[in-house]
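Colleague: Before anything else, here's the structure in question.
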Amino acid sequence: MVIQIFNSLTRQKEQFVPLEEGKVKMYVCGPTVYNFIHIGNARPVIVYDTVRRYFQYKGYDVKYVSNFTDVDDKIIKAANELGEEVFELTERFIHAYFEDITALGCKQADVHPRVTNHMDDIIEFIKVLVEKGFAYESQGDVYYRTRKFDGYGKLSHQSIDDLKVGARIEAGEKKEDPLDFALWKAAKPGEIKWESPWGEGRPGWHIECSVMAREHLGDTIDIHAGGQDLTFPHHENEIAQSEAYTGKTFAKYWMHNGYINIDNEKMSKSLGNFVLVNDIRKQIDPQVLRFFMLSVHYRHPINFAQDLVESARAGLERLRTAYSNVEYRLNAATNLSDNGDTYLEKIEEIKKFFEEAMDDDFNTANAISALFELAKLANTYLNESNTEERVLNALLQTFNQLGEVLGIQFKVEAELLDEEIEALIEERNQARKNRDFARSDEIRDQLLSMNIILEDTRQGTRWKRGL
RNA sequence: GGCGGCUUAGCCAAGUGGUAAGGCACGGGUCUGCAACACCCUUACCACCGGUUCGAAUCCGGUAGCCGCCUCCA
Numbered sequence: 001m002v003i004q005i006f007n008s009l010t011r012q013k014e015q016f017v018p019l020e021e022g023k024v025k026m027y028v029c030g031p032t033v034y035n036f037i038h039i040g041n042a043r044p045v046i047v048y049d050t051v052r053r054y055f056q057y058k059g060y061d062v063k064y065v066s067n068f069t070d071v072d073d074k075i076i077k078a079a080n081e082l083g084e085e086v087f088e089l090t091e092r093f094i095h096a097y098f099e100d101i102t103a104l105g106c107k108q109a110d111v112h113p114r115v116t117n118h119m120d121d122i123i124e125f126i127k128v129l130v131e132k133g134f135a136y137e138s139q140g141d142v143y144y145r146t147r148k149f150d151g152y153g154k155l156s157h158q159s160i161d162d163l164k165v166g167a168r169i170e171a172g173e174k175k176e177d178p179l180d181f182a183l184w185k186a187a188k189p190g191e192i193k194w195e196s197p198w199g200e201g202r203p204g205w206h207i208e209c210s211v212m213a214r215e216h217l218g219d220t221i222d223i224h225a226g227g228q229d230l231t232f233p234h235h236e237n238e239i240a241q242s243e244a245y246t247g248k249t250f251a252k253y254w255m256h257n258g259y260i261n262i263d264n265e266k267m268s269k270s271l272g273n274f275v276l277v278n279d280i281r282k283q284i285d286p287q288v289l290r291f292f293m294l295s296v297h298y299r300h301p302i303n304f305a306q307d308l309v310e311s312a313r314a315g316l317e318r319l320r321t322a323y324s325n326v327e328y329r330l331n332a333a334t335n336l337s338d339n340g341d342t343y344l345e346k347i348e349e350i351k352k353f354f355e356e357a358m359d360d361d362f363n364t365a366n367a368i369s370a371l372f373e374l375a376k377l378a379n380t381y382l383n384e385s386n387t388e389e390r391v392l393n394a395l396l397q398t399f400n401q402l403g404e405v406l407g408i409q410f411k412v413e414a415e416l417l418d419e420e421i422e423a424l425i426e427e428r429n430q431a432r433k434n435r436d437f438a439r440s441d442e443i444r445d446q447l448l449s450m451n452i453i454l455e456d457t458r459q460g461t462r463w464k465r466g467l
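Written out as structure tokens, the structure is:
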């Protein structure tokens, strides 16, 4: 099957055809590193990590690039407020970023380019745009001449004149046209700065992505992705810069994920309802957060609320329980059943359903429903009196394969109980044999208070930790 | 004003022409010493109005409500 991607550029689902057979070149706009990331920043990281994982599952060789914006106004402001050097601040939050996304089950990109490491490339790029007449210098700033670029507005589907209506016109404007945007900004006294043909300064916000995408992935890339809010102006401007520079298509497919609301309200500074990944992942299992995010289609808004996360938690727990129950049964497989093939076929059907869901514009909500089907199948199988290792193994393997695509682990690391707890379980089983249920219930409650949940089965007493 | 999105059961959420996946919660049942896990059963006037069609949650038109973007920083 072929993957269909909803392309923001055409506003349609399109078949994914790679530029180069078997390869995918992806660029995902990364964070401006002046603070810890919040869950709104985390959504694209999780979503596109999953996209990447699915391409890999399908056998593609993916080159995944995601930048760090490590110099910009917000960073300079934060550094000033904290009395910290810009590079110290950014280094600190880049480190924190990796910690956060790793906890969320996201792999690092193949390349994490930083603006400050590409200053020469950026200056060179701007120079070419000036030479070609797509940019002009004005009092130490350099601006992009949007009127000069024919396709301006094609991503946000706005005509340049409509855009102009909304554009701010400010006094003392150094731009020729209000729609023009800065490629290079002259440094103000005391600000971090780099030498350039236009004087000391630093790059504008949009130019970095054009430069770094080209540097690491080439003139044309397969997929360029980011949050919906980046469509305009950021991505529109990237297209203008890159296509003016190369004369080629910048990105074939544009993907944009929806926003996150907090308790049905927009996350905003004024409301003070920012949820930092660094805080929330200490309260909620980050795997639950990831599972929660993937339970909604990536292009739709998602509402972050305690009861909804709790419901996701319960769902993930159901999947994990099914997984560990299959594992537990592996020790008691009789290999006597005669309906193993039927189950193996059903597993294949579920896998197919999963793939069809993911092929259809990465419909993770449906993909997750396939996992619930798998759990139900596993549970039904475990109710059979005879089970075969090959079926149990196929169930576990499928859980693992599909979980790998979503970045969700069902397997809980094997853990040895202390002798004390083992002894308690043993004591309880003795008590049960002796029909001393008062004592056995007492022990069960005692273990429960240690977050150890006991489940009695025909094959013995199994235990798990609460999620 | 321009462009776009959303409205499906108590809650969440799939579903773009053939009378509604899945999850959470609730209720009933089976299993269990009791539980837990699990399984079975039950639960939908698809915002509203009109149209196209043999047939629409799905297409078209309209209405209502909610939401996003329309250039950072100064």
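For the first sequence, the residue numbers in the UniProt record's numbering are 1 to 467. The C-beta atom is built at its ideal place from N, Cα and C for all residues, glycine as well.
How is the beta strand (DSSP E) around alanine 64 delimited, first residue to last?
Modeller: A quick correction: the sequence has tyrosine, not alanine, at residue 64. Its beta strand (DSSP E) spans residues 61–66.
Colleague: Rounded to a whole number of angstroms, what is the C-alpha to C-alpha distance between phenylalanine 437 and arginine 465?
Modeller: Those two C-alpha atoms are separated by around 23 Å.
Colleague: Could you give the distance in angstroms between the alpha-carbon of alanine 171 and the alpha-carbon of glutamate 14?
Modeller: At alanine 171, the pLDDT of 44 sits below 50, so the modelled position is not reliable; the number obtained from the coordinates is stated separately. So the two alpha carbons sit approximately 44 Å from each other.
Colleague: With a threshold of 8 Å on Cβ separation, who are the neighbours of lysine 127 within its own chain once the five nearest residues in sequence on each side are excluded?
Modeller: Hits under 8 Å: Pro197.
Colleague: Extract the residue ranges of the alpha helix (DSSP H) inside the segment 354–395, only unbroken runs of 4 or more that lie entirely within it.
Modeller: 364–382, all fully within the segment 354–395.
Colleague: So, alanine 244 versus leucine 183, is the Cβ gap smaller than 8 Å?
Modeller: Cβ distance not < 8 Å, so alanine 244 and leucine 183 don't count as in contact.
Colleague: Could you name the residues of the same chain whose beta carbon sits closer than 7 Å to that of glycine 227, not counting the 5 residues immediately before and after it, in chain order?
Modeller: Excluding residues within five positions, the ones whose Cβ falls inside 7 Å are Pro44, His256 and Asn257.
Colleague: Output the distance between the C-alpha atoms of aspartate 150 and histidine 235, rounded to the nearest integer angstrom.
Modeller: Approximately 15 Å between the Cα atoms of the pair.
Colleague: When the Cβ atoms of the segment 380–393 are set against those of the segment 327–340, are three or more pairs found closer than 8 Å?
Modeller: Flag = yes, the segment 380–393 and the segment 327–340 touch.
Colleague: Using the beta-carbon count (16 or more within 10 Å), is alanine 79 buried or exposed?
Modeller: Burial call: buried.
Colleague: So what does DSSP say about lysine 174, is it helix, strand or coil?
Modeller: Lysine 174: coil per DSSP, three-state reduction.
Colleague: How many angstroms separate the CA atom of asparagine 117 from the CA atom of valine 211?
Modeller: Rounded to whole angstroms, asparagine 117 to valine 211 spans 11 Å at the Cα level.
Colleague: Which partner residues does phenylalanine 6 have in the DSSP bridge list?
Modeller: Answer is Lys13, bridged to phenylalanine 6.
Colleague: If you follow the alpha helix (DSSP H) that threonine 102 is part of, which residue opens it and which one closes it?
Modeller: Element bounds for threonine 102: 86–103.
Colleague: Distance, Cα to Cα, valine 24 vs tyrosine 57?
Modeller: About 12 Å.
Colleague: Taking just the CA atoms, how far does histidine 224 sit from leucine 9?
Modeller: Whole-angstrom Cα-Cα distance: 11 Å.
Colleague: Compare the C-alpha of glycine 59 against each of Phe6, Val391, Met1 and Ala103 and name the closest.
Modeller: Here the closest residue by C-alpha is Met1.
Colleague: Alpha carbon to alpha carbon, how far is glutamate 327 from aspartate 361?
Modeller: Glutamate 327 and aspartate 361: Cα-Cα distance of roughly 33 Å.
Colleague: What's the C-alpha gap between serine 369 and glutamate 21?
Modeller: Using only the alpha carbons, I get a separation of about 31 Å.
Colleague: Spatial neighbours of residue 478 within its chain, please: C-beta separation below 8 Å, excluding the five flanking residues on both sides.
Modeller: Since the displayed the chain opens at 1 and closes at 467, residue 478 lies outside it and no answer follows.
Colleague: So what's alanine 188 in DSSP terms, helix, strand or just coil?
Modeller: The sequence shown places lysine at residue 188, rather than the alanine named in the question. Coil at lysine 188, not helix or strand.
Colleague: Hey, how far is the Cα of isoleucine 453 from the Cα of isoleucine 284?
Modeller: So the two alpha carbons sit approximately 19 Å from each other.
Colleague: What do you reckon, are the CB atoms on valine 17 and tyrosine 298 nearer than 8 Å?
Modeller: Not in contact: valine 17 and tyrosine 298 (Cβ atoms no closer than 8 Å).
Colleague: In whole angstroms, give me the CA-to-CA distance for aspartate 161 and glutamine 108.
Modeller: Rounded to the nearest angstrom, the two C-alpha atoms are 41 Å apart.
Colleague: In three-state terms, what does DSSP make of threonine 321?
Modeller: Threonine 321: helix per DSSP, three-state reduction.
Colleague: Could you tell me if arginine 53 is buried or exposed, where buried requires 16 or more neighbouring beta carbons within 10 angstroms of its beta carbon?
Modeller: Under this definition arginine 53 is a buried residue.
Colleague: Note down the Cα distance separating isoleucine 239 from serine 311, rounded to an integer number of angstroms.
Modeller: Whole-angstrom Cα-Cα distance: 41 Å.
Colleague: Using a 10 Å radius around the Cβ and a threshold of 16 neighbouring Cβ atoms, would you call histidine 38 buried or exposed?
Modeller: Histidine 38 should be labelled buried.
Colleague: In its own chain, which residues sit with a C-beta less than 7 Å from the C-beta of isoleucine 169, not counting the 5 before and 5 after it?
Modeller: Because isoleucine 169 sits at a pLDDT of 49, beneath the cut-off of 50, its placement in the model cannot be relied upon, and the point is left open.
Colleague: Could you spell out where the beta strand (DSSP E) holding alanine 135 opens and where it closes?
Modeller: From DSSP, the beta strand (DSSP E) with alanine 135 extends over 135–138.
Colleague: So, under 8 Å CB-CB, tyrosine 323 and leucine 377 are touching, yes? Tell me the CB distance rounded to an integer number of Å.
Modeller: About 12 Å separates the two Cβ atoms, so there is no contact after all.
Colleague: Buried or exposed, going by whether 16 or more other CB atoms sit within 10 Å of the CB of serine 242?
Modeller: Serine 242 should be labelled buried.
Colleague: Could you compute how far the alpha carbon of methionine 450 sits from the alpha carbon of glutamate 419?
Modeller: Spanning the two alpha carbons is a distance of roughly 14 Å.
Colleague: Is the segment 350–364 touching the segment 291–309 in the sense that three or more CB pairs, one from each, lie closer than 8 Å?
Modeller: Yes, they touch.
Colleague: Could you give the distance in angstroms between the alpha-carbon of cysteine 106 and the alpha-carbon of glycine 407?
Modeller: Each residue's Cα considered, the two are about 7 Å apart.
Colleague: If I measure Cβ to Cβ from lysine 132 and keep anything under 7 Å in the same chain, skipping five residues before and after, which residues do I get?
Modeller: Once the five neighbours on either side are set aside, the close Cβ partners of lysine 132 are Ala244.
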